[in-house]
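Here's the structure we're looking at; comments come further down.
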Amino acid sequence: NCQPYEALSYEWGLPASNDAFIEINGSLVQVRRNLRDALVHIRLEDTERHIWIDALSINQRDVQERNSKVQMMKDIYQHAEKVVVWLGVARDGSDDVMTQF
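In terms of full-length UniProt numbering, the sequence shown has 67 at position 67, counting the first letter as 1, and numbering is strictly consecutive.
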């Protein structure tokens, strides 16, 4: 049994967009800007959340680990209490369209 968690599904963004940093347990971690934007947007000020994020949960430099975990991603997303989808920062009224869903 594992602790209940949410999963974040997001568009990685361009490879050149690795210029954002987030703090995890007191350490700065470099991430793509789109991931940082997603975390800023979905953050709850007064509630702790456990969110599975592929870029942070899978060692992207270890091909064997990455391939193994990619095979598990269907189960990871299926067993999440909720999957949060992040398409990016709203532009040109896109947030108005999303309220229709």
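Positions of the beta carbon are idealized from the N, C-alpha and C atoms, including for glycine. Note that the structure is predicted; figures quoted are calculated from it, not measured.
Quick one: what does DSSP say residue 71 is sitting in, helix, strand or coil? Your numbering for residue 71 matches position 71 in the sequence shown. Helix.
6 Å Cβ shell around residue 86 - same chain, five flanking residues per side excluded: Locating residue 86 in the sequence shown gives position 86, where the first residue counts as 1. Taken in chain order, the residues that qualify are 10 and 38.
Once DSSP output is grouped into helix, strand and coil, what is the label at residue 5? Within the sequence shown, numbered from 1, the residue matching residue 5 stands at position 5. Reduced to three states, the DSSP call for residue 5 is coil.
How would you label residue 75, buried or exposed, when you count the other beta carbons within 10 angstroms and need 16 or more for buried? Looking up residue 75 in the sequence shown gives position 75. Exposed, because fewer than 16 other Cβ atoms sit within 10 Å of the Cβ of residue 75.
Thinking residue 83 and residue 7 are a contact (beta carbons under 8 Å), I'd like their distance in whole angstroms, please. For this step, residue 83 is matched to residue 83 along the sequence shown. For this step, residue 7 is matched to residue 7 along the sequence shown. That belief holds up - the Cβ atoms of residue 83 and residue 7 are roughly 5 Å apart, short of 8 Å.
DSSP state of residue 138 mapped onto helix, strand, coil: An answer regarding residue 138 cannot be provided, because it is not within the stretch 1 to 101 covered by the chain.
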